[in-house]
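First the structure, in the form of structure tokens, and then the observations on it.
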Amino acid sequence: MHHVIVCPFGLLLEILMYKCIKNKSCGCRYASGFIDTFTLNNGVKLPAVGLGTYRVRQPDVIMQAVDEALAAGYRLYAPSEHGNSAVIKQAYQKSLDNLGVDYIDLFLIHFPGAARLPSGDQRNAKLRASTWRGMLDLYDEGCVNSIGVSNFTLKHLKDLNMRATGVYPVVNQVEWHPYYYQEDLRAYCMKNEICLQAYCSFGGTSHQDTTLLKDPVVKGIAERHEATPAQVLLAWALQQDVAVIPKSVDPARIRENITIEFRLTEHDIKALNNLGNKKKNTLGIRPPCVKQP
């Protein structure tokens, strides 16, 4: 049986596949003290660093990137194939058919609300609860090994627990970088053994056409550690026990992102955290429903 990790990227449901390469040790090279895998609350192990390929459309480019990633030691990658389904089991079966596999390791609800509902519509909370119950059915039936969520805020997680069964997600995938992070969310996830996984670790490009990678604070820390700004941002997340899935198709950067042979000082982390106090802006593409109740 061929095993993969698969995440449905969307509430009712958009599909994004995660593929975890089984039976191979992670080849990442980190400074002493770094975690290379996270043990989820159901005992499944998730690599701390994966390869993101969001918006990479050309199959040959993706194949080359995955080949480079495997050679560099990656054991998790996130293809950007998408599909839609209004029924959870149909979405599940479609994932199996699309991948040509007979089992799914991880299913995620991508958004905490329906994109077509107005902001603040109370139906979103009911949709979250009913979708989660459908995911639990798949889990209870042995169809999937793990279930999780994405873009859920602290309120969404607490609401899910109250409205559903009390079963916690194993993963919450969110935008997470020094310009935008939710410390209360991280604390809640750690307390309840929910693995926080970061996307948009490098911030992307803001409306002012400035990037987190070019921030003087980030660049200064990188120079002191003889590292790249990207490595600094990944280390900042990893040292806070946040998993990452940096996107790249460049062979050198793919290798760079899994080779972090330094540790940030407490002063470094504080300086990066302070960027959020000054900026506090999101750079990723997120639907209005993320801000909904």
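For the sequence shown, the residue numbers in mature numbering (1 follows the signal peptide of the UniProt record, and there is no 0) are -17 to -1, 1 to 276. C-beta: ideal position from N, C-alpha, C; glycine also. All values reported here derive from a predicted model rather than from experimental measurement.
Measuring alpha carbon to alpha carbon, tell me which of the options ends up nearest residue i.
i           : options                : result
R238        : E51, F94, N175         : E51
C172        : T211, K138, A235, I204 : K138
A220        : E206, D251, F90        : D251
F185        : V215, L140, D19, R207  : V215
V150        : N256, G117, P161, H160 : G117
V157        : V225, K174, T242       : V225
A218        : E209, L91, F245        : F245
V44         : V232, L196, H208       : V232
G259        : D198, V227, E206       : D198
V32         : H208, D19, N24         : D19
K174        : V153, W159, T194       : V153
I241        : R207, P30, C126        : P30
K28         : R99, I177, V201        : I177
Q111        : V127, N144, A210       : Looking at the sequence itself, residue 111 is Arg, so the reference to Gln does not match. The residue with the shortest Cα to Cα distance from R111 is N144.
N25         : G131, D80, L34         : G131
residue 277 : V200, V127, N155       : The question about residue 277 has no answer here: the residues shown for the chain are numbered -17 through 276.
residue 278 : Y182, L196, A210       : There is simply no residue 278 to check, as the chain begins at -17 and stops at 276 in what is shown.
Provide the residue span of the beta strand (DSSP E) that contains residue i, from first to last.
i    : result
N107 : No beta strand (DSSP E) contains N107, which is instead part of the alpha helix (DSSP H) from 106 to 123.
L179 : 178 to 182
P30  : 28 to 30
F21  : 20 to 22
Rounded to a whole number of angstroms, what is the C-alpha to C-alpha distance between residue i and residue j?
i           : j    : result
T248        : A254 : 10 Å
H93         : N134 : 6 Å
Y164        : K230 : 19 Å
Q47         : A54  : 11 Å
N257        : L140 : 26 Å
D123        : P234 : 40 Å
residue 301 : N107 : No answer is possible for residue 301: it lies beyond the span of the chain, which begins at -17 and ends at 276.
D104        : G96  : 9 Å
D88         : Q222 : 26 Å
D167        : T136 : 9 Å
L91         : T194 : 29 Å
L119        : S113 : 10 Å
I243        : Y57  : 13 Å
W115        : H208 : 43 Å
T22         : D142 : 24 Å
I228        : L179 : 11 Å
A213        : V49  : 19 Å
A205        : L196 : 10 Å
G203        : N155 : 31 Å
G125        : R99  : 32 Å
A210        : W159 : 20 Å
A170        : D80  : 38 Å
L59         : L121 : 23 Å
From the DSSP output, which residues share a beta bridge with residue i?
i           : result
L53         : DSSP, once it has assigned bridges, lists no residue as partnering L53.
K197        : Paired residues: none, contrary to the question.
Q156        : S133, Q180
Y163        : H160
L140        : In DSSP, L140 forms no bridge with anything.
residue 289 : Given a span of -17 to 276 for the chain in the structure shown, any question on residue 289 remains unanswerable.
If you follow the alpha helix (DSSP H) that residue i is part of, which residue opens it and which one closes it?
i    : result
V215 : 212 to 221
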